[in-house]
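Residue numbers for the sequence shown follow my numbering, so the first one is 1082 and each next one is one higher.
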Amino acid sequence: MSTLHVLSHSPFGDDRLTSCLRLIGTDDALLLSGDAVYALQPGSAPFNALDARRLNLFVLDEDARARAIIVPDWAKTIDYPAFVELSINHDKVNSWL
């Protein structure tokens, strides 16, 4: 059973990303949206944690562009229709509120 994990809060304000990374499975995916895209700031602890894990990582393109975040090649940028498709392709969606 696969889960799409959706994070929208900055990884610098709390430990949602850390908690998510502890629970995420090999068949799961992670979508960064909103301020969660700040996790992709090169050299930061969240960036290094994501880079080391090499997850099925997706980033909402609109949110990355709005925050001038360059998405690394090991993550895939998607738009809102692709987000819906991603949600449908997983058994569960877990929003880390």
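We put the beta carbon where it would ideally sit given N, CA and C, even for glycine. Quantities reported herein were computed from a predicted structural model and do not represent experimental measurements.
Beta-carbon to beta-carbon, Leu1113 and Val1140 are separated by about 5 Å, close enough to satisfy the 8 Å threshold. Between Ala1133 and Pro1092, the CB-CB gap reaches or exceeds 8 Å. Around the CB of Asp1154, fewer than 16 other CB atoms lie within 10 Å, so the residue is classed as exposed. For the options Asp1160, Ala1156, Glu1166 and Asn1129, the alpha carbon positioned closest to that of Asp1144 is the one of Asp1160.
At a Cβ-Cβ threshold of 8 Å, Ser1168 and Leu1102 do not count as neighbours.
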